[in-house]
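Structure record follows, encoded as structure tokens.
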Amino acid sequence: MPRNIAILGSTGSIGKNALRVIESLGPDNYRVLALTAHNSVDLLIEQCRIFKPAYVAITNPASAAEFTRKYEQTGTKLLTGPDGLVEIALMAEVDTVLTAVVGAAGLPAVLAAANAGKTLAIANKEPLVIAGQLLTTAAAKSGAKILPVDSEHSAIFQSLQAGSAGEVQKIILTASGGPFRCASREEIYNATVSDALAHPTWNMGPKITIDSATMMNKALEVIEAKWLFNVPVEKIEVLIHPESIVHSMVEFIDGSVIAQLGTPDMCLPIQYALTYPARQKGISPHLNLAQLGTLTFASPDMQTFRALALGYQAAKAGLSAPVVFNAANEIAVEAFLAGKIKFGNIVEIIEYCLDKHNASSSISLEQLLEADSWARNEVTRWLKQKSL
Ligand code: NDP
Ligand code: MG
Numbered sequence: 002m003p004r005n006i007a008i009l010g011s012t013g014s015i016g017k018n019a020l021r022v023i024e025s026l027g028p029d030n031y032r033v034l035a036l037t038a039h040n041s042v043d044l045l046i047e048q049c050r051i052f053k054p055a056y057v058a059i060t061n062p063a064s065a066a067e068f069t070r071k072y073e074q075t076g077t078k079l080l081t082g083p084d085g086l087v088e089i090a091l092m093a094e095v096d097t098v099l100t101a102v103v104g105a106a107g108l109p110a111v112l113a114a115a116n117a118g119k120t121l122a123i124a125n126k127e128p129l130v131i132a133g134q135l136l137t138t139a140a141a142k143s144g145a146k147i148l149p150v151d152s153e154h155s156a157i158f159q160s161l162q163a164g165s166a167g168e169v170q171k172i173i174l175t176a177s178g179g180p181f182r183c184a185s186r187e188e189i190y191n192a193t194v195s196d197a198l199a200h201p202t203w204n205m206g207p208k209i210t211i212d213s214a215t216m217m218n219k220a221l222e223v224i225e226a227k228w229l230f231n232v233p234v235e236k237i238e239v240l241i242h243p244e245s246i247v248h249s250m251v252e253f254i255d256g257s258v259i260a261q262l263g264t265p266d267m268c269l270p271i272q273y274a275l276t277y278p279a280r281q282k283g284i285s286p287h288l289n290l291a292q293l294g295t296l297t298f299a300s301p302d303m304q305t306f307r308a309l310a311l312g313y314q315a316a317k318a319g320l321s322a323p324v325v326f327n328a329a330n331e332i333a334v335e336a337f338l339a340g341k342i343k344f345g346n347i348v349e350i351i352e353y354c355l356d357k358h359n360a361s362s363s364i365s366l367e368q369l370l371e372a373d374s375w376a377r378n379e380v381t382r383w384l385k386q387k388s389l
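So, in structure tokens, the structure goes:
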């Protein structure tokens, strides 16, 4: 029987790669049961023609109406609005939910899948950052498997198989350093949208590409690793590795360091999350280390890339601090992409919100969501004041 896969966010960068992987693995093994999009109706229709999913969900109602006008839905049922993602995550026929939505918008569906005991192939890191404890507790209770798709976390997951949890000395999370690795602070502060979108090694969606330029992405990944692998942040170290070949490493107590290497291509970690624990022939190009010749490493500059220092601070503070850290970034990145603020303002806004925030007293979903809205409103106020 083929495994039934639901891809939440099939029209994004991860979603499109996931469909390429599934196509290459073949319909006898993997079946696309459900796809979801927010706005990209034409692309979703193209995907429906090829993969013939039983369900699609479109979170933006206006786009759902456009889909109905443009696509004759024989055999495909349309669900409309954000609840459609939750409905899909809970469907009895769904075996694996691949979460590739961007931002906190993915949280309700990820949480629903974790509570329902599904296998979660998780690319959407923001829900883990803001509700890591709730998600991992829900998964432990229901028996849901959470498999990482993020390349660094897939590398850590693979490397951890070389020892037991008690034998881990530290996790070494690699980072390309992004497009501004060698830039001055002033150049970084005033960087344009196209400068910031020009990632040197990875081809990804706009939000994570900006996050890589601020190194916010690495900060989010530190928190993501903490929850995925149940390791305190003090044991997670960031290492700059501009070539993006060593995707991350685990150091064990005897001094052995186990790493996973590969070309910078998301199809590889996506496939491993789908085929785990097996490995199958894939579509990612294989490494040629002799051709590469040299791999380089350096310590991160936490002063220039302040987002990284703030990430550790938020992770250590816990409770609602990571929620505020993430939500402030989401709104600030949107504002930067819309040309409303400078690149340097993004991290200033995050720090402003973290300083102003009174931490919640618990990690109940209600309190976390309250902190999320508080931070979004706070950034919106900041932006309004600035434009006066
Ligand atoms: P994209 O922006 O390329 O795609 C996002 C997807 O989410 C699209 O399908 C989009 O639909 C949908 N979407 C957007 N807004 C909403 C919303 N409000 N509600 C529901 N769905 C929505 O993002 P990426 O593929 O780059 O990233 C997805 C996630 O994976 C992120 O959390 C990112 O951090 C993580 N990730 C990405 C990597 C990459 O290589 N891209 C690597 C590692 C992690 P539509 O197209 O219709 O707007
Ligand atoms: Mg990553």
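Numbering (this note's numbering), first residue to last: 2 to 389.
All residues carry an ideal CB built from backbone N, CA and C; glycine is no exception.
At a Cβ-Cβ threshold of 9 angstroms, LEU320 and SER374 do not count as neighbours. For the pair MET250 and SER160, the CB atoms are nearer than the 9 angstroms cut-off. Three or more pairs of CB atoms, one per stretch, sit closer than 8 angstroms, so the stretch 26 to 35 contacts the stretch 3 to 11.
Distance from the CA of GLN162 to the CA of ILE259, rounded to the nearest whole angstrom, comes to 9 angstroms.
Here the residues close to the ligand MG, judged by CB distance below 6 angstroms to any of its heavy atoms, are ASP151, SER152, GLU153 and GLU222 in chain order. The beta carbons of ALA156 and HIS287 sit no closer together than 9 angstroms.
In the DSSP assignment, LEU99 falls within the beta strand (DSSP E) that extends over 97 to 100. In the three-state reduction of the DSSP assignment, ALA113 falls in the helix class. ASN204 has its CB nearer than 8 angstroms to a heavy atom of the ligand NDP. The beta strand (DSSP E) runs lying completely inside the stretch 272 to 336 and spanning 3 residues or more number zero. With respect to PHE326, LEU311 sits close: the two C-beta atoms are nearer than 9 angstroms. Not one heavy atom of the ligand NDP lies closer than 8 angstroms to the C-beta of MET216. Judged by beta-carbon spacing, THR60 lies beyond the 9 angstroms limit of LEU20, meaning their Cβ atoms are not closer than that value.
Apart from the 5 residues on each side of it in sequence, LEU44 sits with its Cβ closer than 6 angstroms to the Cβ of THR12 in its chain, given in chain order. Separation of the CB atoms of THR215 and ILE347 is rounded to 6 angstroms, and the pair is thereby assigned contact status at 8 angstroms. Boundaries of the beta strand (DSSP E) around LYS146: 146 to 149. The shortest C-alpha to C-alpha distance from LEU91 to any of ILE147, ALA115 and LYS78 is the one to ALA115. The Cβ-Cβ distance between ALA376 and ILE332 falls below 9 angstroms.
Relative to the Cα of ASN378, the nearest Cα in the group ASN359, ASN289 and ALA329 belongs to ALA329. Scanning the stretch 162 to 214 for uninterrupted beta strand (DSSP E) segments of 3 residues or longer gives 169 to 176, listed from N- to C-terminal end. Between the stretch 67 to 84 and the stretch 52 to 59 there are three or more inter-stretch CB-CB distances shorter than 8 angstroms, so the stretches are counted as touching.
Secondary structure of GLU371 (DSSP, three-state): helix. Just measuring C-alpha positions, the residue of ASP151, VAL42 and ALA117 sitting nearest ALA226 is ASP151. Remark: the C-beta of SER64 is in contact range of the ligand NDP, defined as less than 8 angstroms to any heavy atom. Below 8 angstroms, too few C-beta pairs join the stretch 167 to 182 and the stretch 267 to 278 to call them touching: fewer than three. With contacts defined by Cβ atoms closer than 9 angstroms, GLY10 and ALA124 form a contacting pair.
By the criterion of a C-beta distance shorter than 8 angstroms, ILE131 is surrounded in its chain by ALA105, LEU108, PRO323, VAL324, ASN327, ALA328, LEU369 and ASP373, once the five residues flanking it on both sides are discounted. Residue burial is scored here from C-beta neighbours: LYS219 has at least 16 other C-beta atoms within 10 angstroms and is therefore classed as buried.
Linking ALA176 to HIS39 through their CA atoms gives a straight-line distance of about 29 angstroms. In the structure shown, the three-state DSSP call for GLN261 is strand.
Within 8 angstroms of the C-beta of GLU187 there is not a single heavy atom belonging to the ligand NDP. Taken through DSSP and simplified to helix, strand or coil, HIS154 comes out as helix.
Boundaries of the beta strand (DSSP E) around MET250: 247 to 253. DSSP, read as helix, strand or coil, puts LYS385 in helix. Listed in chain order, the non-local C-beta contacts of SER25 below 6 angstroms within the same chain comprise ILE284, local neighbours out to five positions each way being set aside. The residue among ALA110, ILE147, SER165 and THR276 with its C-alpha nearest the C-alpha of GLY82 is ALA110.
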